[in-house]
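Input: a single structure, listed below in structure tokens.
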Amino acid sequence: MELEKILVPVSGNSADEETIKLACSLAKKSKAKIYVVYVIQVKRSLPLDAGIESEIKKAEDVLTRAEDIAAEEDYEVETDLLQAREVGPAIVDEAMEREVNLILMGIGYKKRFGMFSLGMAVPYILKEASCRVMLLREPPP
Amino acid sequence: MYIIIVGGGVVGYHLCRALIDEGHEVLVIEKDAKKCERFLDELGSICMRGDGCETAILAEAGASRADLLIATTNEDEDNLVACQVAKHKFNVPRTIARINNPKNEKLFKRLGIDCGISITNILLEHIEEEIPTHPLIHLLTLPKENLEIVEVKIPEGSKAVGKAVKQIPLPPDSLLSLLIRNAQKPQVPSPETVFKAGDRIIALTSTESEQALREVLTTK
Amino acid sequence: MKVVIMGCGRVGAQLASLLDAEGHKVTILDIDAYSFRRLPPSFNGTALVGDGTDEDTLKKAGIEEADAFVAVTQGDNRNVMAAQIAKHIFNIPRVLCRIYDPLRKDLYEMLGVEAISPTIVFAHLFKERLEAGTKAKT
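Protein sequences, first through last, are from chains A, B and C. Mapped onto this note's numbering, the consecutive letters of the first sequence carry residue numbers 1 to 141. Mapped onto this note's numbering, the consecutive letters of the second sequence carry residue numbers 142 to 361. Mapped onto this note's numbering, the consecutive letters of the third sequence carry residue numbers 362 to 499.
As structure tokens, then:
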């Protein structure tokens with residue numbers, strides 16, 4: 001797999017760290033560029049460009065941590081903060097715009113209503129992204 | 142403007158596209174998952190799945206910051222309720238309802254819908270314009286004043302032919318504003334003006350007197 | 362009293378037969394004639410096939426002389442639309458309608474339609490019964 005650009009969506013979950021480490025090790029061989037993105041989901045009751053301070057603060061913390069993790073791996077990443085109505089389409093669009101070869105995402109082992117759940121964004125990205133997609137799932141707790 | 146469209150059928154879909162092109166922020170609320178998917182695929186995250194008549198859904202849609210809500214489903218009762226909830230619960234300043242049964246046009250007006258649009262009545266108006274034998278054409282409605290501007294063609298053999306304006310028992314709240322005769326310059330009719338067959342009259346009338354005006358000018 | 366009921370479901374039919382048994386003059390509307398099977402054989406009122414959100418149908422049902430109108434079809438929106446026609450077009454003194462969505466009940470009361478939400482009524486009823494049962498035990 002020829003890698004030039006990797007998109008790593010992060011959300012502040014338990015899988016972020018391993019995902020970024022994995023991205024770094026994948027990228028090193030071909031000196032690929034890593035874009036780490038955080039998507040703030042904006043409720044319809046607010047305009048899309050609303051500045052929600054608490055959310056921005058959280059996003060910036062998550063992205064700074066991503067940079068730190070990459071630095072520990074001796075690699076540099078570019079971070080980006082997006083605002084969208086829905087996470088899935090925002091990531092697919094971002095991947096297309098940046099012409100990445102791979103989307104690498106990590107998720108925790110989550111249950112919803114007592115059943116294992118991938119959430120909304122992951123299935124959408126798996127179905128709609130035009131590039132390769134890798135999913136890292138954390139072990140069950 | 143932030144515009145909410147309730148109903149993602151054919152009307153809702155094309156309306157949505159047109160409004161996006163005009164640069165508005167648009168959200169469509171649609172019950173059917175398949176229809177929602179089409180919006181998502183073609184136009185991005187501008188569609189929410191749910192019942193646009195439900196208070197909870199409209200709250201989630203951010204109705205309280207909407208400038209306009211347009212209800213386009215093919216059920217009149219749903220359009221009525223969506224507009225009423227938007228207006229009274231979320232203070233949406235303007236609501237427009239699609240009316241499927243033309244009988245409901247008056248009703249919607251009385252129940253406080255800002256604007257009800259009956260496709261059937263619009264088609265009828267166009268038929269009036271397109272078919273030249275039709276004696277009365279609606280040109281413009283001034284809803285606040287309850288007035289209409291209409292065009293009446295004096296047909297061959299009408300009782301009005303050969304009579305002067307002052308001899309015609311015009312309804313009290315109507316006014317003949319302009320007379321158009323063949324190639325001549327349009328003129329303002331005076332009480333002495335005599336009608337000829339083929340004359341076109343532009344008149345101002347109250348909605349109630351429209352029928353009476355048509356009768357005095359066109360009855361044979 | 363003369364009552365027009367829209368919707369001959371279980372509730373509509375039950376209400377119609379209760380009022381009828383007490384000697385009230387009842388007309389019940391439904392868009393499906395099959396629904397009238399729910400009326401008891403002893404029912405003396407009128408059953409009419411028609412849409413209660415249509416003014417002409419309501420006139421046929423004698424709404425102009427009615428003292429009360431009740432809308433109990435399956436659809437909240439149909440009930441609310443018919444109730445508003447009865448209230449604001451025909452000026453019926455007493456108009457009641459069923460509305461499942463509890464969030465909209467207050468709104469329609471604001472618009473002059475008396476609404477009953479079975480969702481709220483039943484939830485409270487069950488809660489009361491449950492609490493009464495627990496008290497009895499302890």
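Note that the Cβ used here is the ideal one computed from N, Cα and C, for glycine as well.
What's the C-alpha gap between residue i and residue j?
i                            : j                         : result
glutamate 73 of chain A      : aspartate 192 of chain B  : 49 Å
valine 410 of chain C        : alanine 443 of chain C    : 15 Å
methionine 115 of chain A    : lysine 28 of chain A      : 37 Å
methionine 471 of chain C    : lysine 230 of chain B     : 10 Å
methionine 189 of chain B    : lysine 127 of chain A     : 19 Å
leucine 283 of chain B       : glutamate 351 of chain B  : 13 Å
proline 296 of chain B       : isoleucine 343 of chain B : 15 Å
isoleucine 146 of chain B    : alanine 227 of chain B    : 11 Å
aspartate 219 of chain B     : cysteine 194 of chain B   : 7 Å
alanine 429 of chain C       : glycine 368 of chain C    : 14 Å
aspartate 255 of chain B     : alanine 353 of chain B    : 28 Å
serine 87 of chain A         : lysine 110 of chain A     : Looking at the sequence itself, residue 87 of chain A is valine, so the reference to serine does not match. Distance between the alpha carbons of valine 87 of chain A and lysine 110 of chain A is about 17 Å.
arginine 439 of chain C      : proline 402 of chain C    : 28 Å
valine 357 of chain B        : glycine 148 of chain B    : 45 Å
leucine 156 of chain B       : arginine 239 of chain B   : 12 Å
phenylalanine 404 of chain C : isoleucine 453 of chain C : 24 Å
leucine 436 of chain B       : arginine 322 of chain B   : Since the first residue of chain B shown is 142 and the last is 361, residue 436 of chain B is not available in this structure.
valine 233 of chain B        : lysine 488 of chain C     : 36 Å
glutamate 425 of chain C     : leucine 390 of chain C    : 15 Å
arginine 455 of chain C      : glycine 373 of chain C    : 16 Å
serine 299 of chain B        : threonine 359 of chain B  : 5 Å
alanine 197 of chain B       : leucine 46 of chain A     : 16 Å
valine 152 of chain B        : alanine 212 of chain B    : 10 Å
valine 441 of chain C        : tyrosine 469 of chain C   : 8 Å
aspartate 467 of chain C     : glutamine 225 of chain B  : 13 Å
asparagine 245 of chain B    : alanine 202 of chain B    : 27 Å
isoleucine 20 of chain A     : glutamate 138 of chain A  : 13 Å
isoleucine 34 of chain A     : glycine 164 of chain B    : 34 Å
tyrosine 143 of chain B      : aspartate 162 of chain B  : 13 Å
proline 140 of chain A       : isoleucine 125 of chain A : 22 Å
asparagine 264 of chain B    : isoleucine 52 of chain A  : Here residue 264 of chain B turns out to be leucine, not asparagine, going by the sequence shown. If you take the alpha carbons of leucine 264 of chain B and isoleucine 52 of chain A, they lie about 48 Å apart.
threonine 414 of chain C     : leucine 486 of chain C    : 31 Å
Can you give me the Cβ contacts of residue i inside the same chain, cut-off strictly under 7 Å, excluding the 5 residues immediately before and after it?
i                         : result
threonine 348 of chain B  : Asn287 and Glu289
leucine 345 of chain B    : Leu288, Ile290, Ser315, Leu316 and Ser318
alanine 50 of chain A     : Val42
arginine 355 of chain B   : Pro276, Leu277 and Val293
asparagine 215 of chain B : Gly150 and Asn241
leucine 22 of chain A     : Leu104 and Leu136
glutamate 94 of chain A   : Leu7, Val37 and Leu82
isoleucine 69 of chain A  : Glu17, Ile20 and Lys21
Can you give me the Cβ contacts of residue i inside the same chain, cut-off strictly under 8 Å, excluding the 5 residues immediately before and after it?
i                        : result
serine 25 of chain A     : Glu73
alanine 200 of chain B   : Phe231
threonine 480 of chain C : Tyr461, Asp462 and Pro463
valine 329 of chain B    : Ser318, Leu319 and Leu320
glutamate 333 of chain B : Ala305, Val306 and Lys307
leucine 3 of chain A     : Leu26, Ala27, Lys29, Ser30, Ala32, Asn101 and Leu102
leucine 48 of chain A    : Val42, Gln83, Ala84 and Arg85
Once the 5 residues before and after residue i are set aside, which same chain residues still bring their CB inside 6 Å of it?
i                         : result
methionine 105 of chain A : Pro9 and Leu135
lysine 172 of chain B     : Asp192
valine 39 of chain A      : Leu82, Ala84, Val87 and Ala90
serine 396 of chain C     : Cys369
leucine 400 of chain C    : Ala374
alanine 121 of chain A    : Val87 and Gly88
alanine 223 of chain B    : Val147, Gly193, Cys194 and Ala212
- Item | Short-range partners of chain B found in the region 443-456 of chain C, where Cβ spacing is below 9 Å | Ala443, Gln445, Ile446, His449 and Ile450
- Quick one: which residues of the region 169-201 of chain B get their C-beta closer than 9 Å to a C-beta of chain A? List them in chain order. Leu181, Asp182, Gly185, Ser186, Ile187, Met189, Ala200 and Glu201
- Given a limit of 7 Å on CB to CB distance, which residues of the region 92-110 of chain A reach chain B? none
- Message: Counting only Cβ-Cβ distances shorter than 8 Å, please list the residues of the region 22-55 of chain A near chain B, keeping chain order.
- Response: Lys43, Arg44, Ser45, Leu46, Pro47 and Leu48
- List in chain order: all unbroken alpha helix (DSSP H) runs of 4+ residues lying wholly within the region 159-237 of chain B. 174-184, 196-201 and 217-231
- Query: Is the number of C-beta pairs between the region 255-270 of chain B and the region 293-308 of chain B that are closer than 8 Å three or more?
  - Reply: no
- Check distances from the C-beta atoms of the region 203-231 of chain B to those of chain A and list, in chain order, the residues that come in under 7 Å. Gly203, Ser205 and Arg206
- Pick out the complete beta strand (DSSP E) segments inside the region 58-90 of chain A, 3 residues or longer, and give them in chain order. 78-84
- Item | Inter-stretch contact at 8 Å, needing at least 3 Cβ pairs: the region 206-213 of chain B / the region 173-187 of chain B | no
- Query: Would you call the region 419-429 of chain C and the region 331-338 of chain B in contact, with 3 or more CB pairs under 8 Å?
  - Reply: no
- Item | At least three beta-carbon pairs within less than 8 Å, the region 472-479 of chain C to the region 448-464 of chain C | yes
- Going along the region 245-264 of chain B in order, which residues come within less than 7 Å of chain C, judged by CB to CB distance? Leu248, Arg251 and Leu252
- Counting only runs that start and end within the region 89-125 of chain A, where is the beta strand (DSSP E) found for 3 or more residues in a row? 102-107, 110-112 and 115-117
- Message: Assess contact between the region 2-19 of chain A and the region 59-73 of chain A, defined as three or more Cβ pairs (one per stretch) separated by less than 8 Å. Is contact present?
- Response: yes
- List in chain order: all unbroken beta strand (DSSP E) runs of 3+ residues lying wholly within the region 426-461 of chain C. 429-432 and 455-459
- Task: Quick one: which unbroken alpha helix (DSSP H) runs of 4-plus residues sit fully inside the region 276-336 of chain B? Chain order, please.
- Result: none
- Of all the residues that make up the region 419-446 of chain C, which are near chain B by a beta-carbon distance shorter than 9 Å? Gly436, Asp437, Asn438, Arg439, Asn440, Val441, Met442, Ala443, Gln445 and Ile446
- Tell me the start and end of each unbroken alpha helix (DSSP H) in the region 365-406 of chain C that is at least 4 residues and wholly inside, in chain order. 371-382
- Query: Can you list, in chain order, the residues of the region 79-90 of chain A whose Cβ is nearer than 8 Å to any Cβ on chain B?
  - Reply: Ala84, Arg85, Glu86, Pro89 and Ala90
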